[in-house]
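Line order of the protein sequences matches chains A and B.
What the first sequence shows, in this note's numbering, is residues 1 to 157, in sequence order.
What the second sequence shows, in this note's numbering, is residues 158 to 270, in sequence order.
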Amino acid sequence: MTERSVVHATFVINRTYDASPARVFKAFSNSEARDRWFVRSENWPVAEYTYDFRVGGKEHGRFSPDGKMTILNETTYWDIVPDQRIITAYAMDIDGNRISVSVATIEFKVAGKQTHLTYTEQGAFLDGFDFPAQREQGCRELYERLAEELEREGADA
Amino acid sequence: MPNHQPSLDLMFQALADPSRRLIVERLCAGPASVSELAQPLAMSLPSVMQHLQLLEGSGLIRSEKVGRVRTCRLEPEALSAAETWINERRVMMERKLDRLGEYLRATAGDEED
Chain A
1 MTERSVVHAT FVINRTYDAS PARVFKAFSN SEARDRWFVR SENWPVAEYT YDFRVGGKEH
61 GRFSPDGKMT ILNETTYWDI VPDQRIITAY AMDIDGNRIS VSVATIEFKV AGKQTHLTYT
121 EQGAFLDGFD FPAQREQGCR ELYERLAEEL EREGADA
Chain B
158 MPNHQPSLDL MFQALADPSR RLIVERLCAG PASVSELAQP LAMSLPSVMQ HLQLLEGSGL
218 IRSEKVGRVR TCRLEPEALS AAETWINERR VMMERKLDRL GEYLRATAGD EED
């Protein structure tokens, strides 16, 4: 029996790109572009994928990172303001178990010749972290990340 | 999210060493005995023990001795599964947004802005 639990968390990621908001937005709105940097960026085998970028439209993907675990992503686009804002709600399953339901807001702000992107995810993270495979992968990635961070700090010092 | 800021410095310090990172990575898969942890490391057992003491001092791992075997495990308080998991999600999204940057660089000349 999986113990039921919910953890609410918000995380924010900021990036600045050497491109206009229109170009950055197009990387989301154009399915070929999105395919290149988003869908296939993890090199996960893609079992199913559909993309319908419009308000009320859905994005559906099924991936298997290691050939064993299956990750399902169901996204609905709830707000689209060209070159300015995209808001989605998305759910994720691992092996048929819902592990999170989130609202993701992507904002594009022009900064001279650059674009400042802010990604904010507000999520209800469900029992998913009780899955050992996921926990192990998450753990590894966290430590890799910490190691990278340390190397960066080392380089700055 | 619980605030672990005070122990973060110690955790970073503990993870600044590749051998200790190897130990922690191994413990991600589950608890292990000291000799299991020492096995892939090219160092003496006392050195391994020193690393383990440092990791334990940082709060990242804890160990207990049952009979003659000392078993180490990740300390769930230092790094709850939930935090790990949520952090993994953040890392995944960060990677994707970095790829977006690469994509934008690669296609910079392809079209009029």
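No residue lacks a Cβ here, since even glycine has one placed at the ideal position from N, Cα and C.
*Whose Cβ in chain B lies nearer than 8 Å to the Cβ of isoleucine 13 (chain A)?*
Arg247, Met250, Glu251, Leu254
*Check whether the segment 109-117 of chain A touches the segment 52-68 of chain A, taking contact to mean three or more Cβ pairs, one atom from each stretch, closer than 8 Å.*
no
*Is the beta carbon of glutamate 232 (chain B) less than 7 Å from the beta carbon of glycine 214 (chain B)?*
no
*Which of helix, strand or coil does DSSP assign to asparagine 244 (chain B)?*
helix
*Per DSSP, what kind of secondary structure is glutamate 232 (chain B) in: helix, strand or coil?*
coil
*With 16 other Cβ atoms within 10 Å as the buried cut-off, status of methionine 200 (chain B)*: exposed
*Length of the line joining the Cα atoms of proline 82 (chain A) and aspartate 52 (chain A)*: 15 Å
_Using a Cβ-Cβ distance cut-off of 7 Å, determine whether isoleucine 180 (chain B) contacts chain A._
no
*So what's leucine 167 (chain B) in DSSP terms, helix, strand or just coil?*
helix
*asked:* Please give the ranges of any beta strand (DSSP E) in the segment 76-132 of chain A, keeping only runs that are unbroken, at least 3 residues long and fully inside the region.
replied: 85-94, 97-111, 114-125
_In whole angstroms, give me the CA-to-CA distance for isoleucine 218 (chain B) and arginine 85 (chain A)._
43 Å
_Using C-beta distances below 6 Å, list every residue in its chain close to leucine 179 (chain B), excluding the 5 sequence neighbours before and after it, in chain order._
none
*Alpha carbon to alpha carbon, what distance is there between leucine 72 (chain A) and valine 46 (chain A)?*
10 Å
*Every unbroken beta strand (DSSP E) within the segment 193-227 of chain B, with a cutoff of 3 residues, ordered by chain*: 218-223
*What's the C-alpha gap between tryptophan 37 (chain A) and threonine 75 (chain A)?*
17 Å
*Residues of chain A with a CB under 7 Å from the CB of glycine 258 (chain B): which are they?*
Arg15, Tyr17
*Drop a sphere of 10 angstroms on the beta-carbon of serine 102 (chain A), count the other beta-carbons inside from all chains shown, and report buried for 16 or more, exposed for fewer.*
buried
*Shorter than 7 Å from the beta carbon of proline 163 (chain B) to some beta carbon of chain A?*
Unreliable positioning characterises proline 163 (chain B) in this predicted model, as indicated by a pLDDT of 36, which lies under 50. A coordinate reading is not provided.
*Looking at the C-beta of isoleucine 218 (chain B), does it have a partner C-beta in chain A at a distance below 7 Å?*
no
*What is the rounded straight-line gap between the Cα of valine 191 (chain B) and the Cα of threonine 70 (chain A)?*
34 Å
*State the DSSP-derived secondary structure class of glycine 61 (chain A), mapped to helix, strand or coil.*
strand
*Express the C-alpha separation of alanine 171 (chain B) and glutamate 245 (chain B) in angstroms, rounding to a whole number.*
20 Å
_Let me see if you follow: with CB-CB separation under 7 Å, is arginine 36 (chain A) close to chain E or not?_
The structure shown contains no chain E; its protein chains are A and B.
*Quick one: what's alanine 189 (chain B) bridged to in DSSP?*
B:Cys229
*Under a Cβ-count criterion, where at least 16 other Cβ atoms within 10 Å of its own Cβ denotes burial, should asparagine 14 (chain A) be classed as buried or exposed?*
exposed
_Any chain B beta carbon closer than 7 Å to alanine 9 (chain A)_ = yes
*leucine 261 (chain B) versus chain A: which residues are under 8 Å apart at the beta carbon?*
Tyr17, Asp18, Ala19, Arg23, Val24, Ala27
*Which partner residues of arginine 15 (chain A) appear in the DSSP bridge assignment?*
A:Leu117
*How many Å lie between valine 7 (chain A) and asparagine 97 (chain A) at the Cα?*
16 Å
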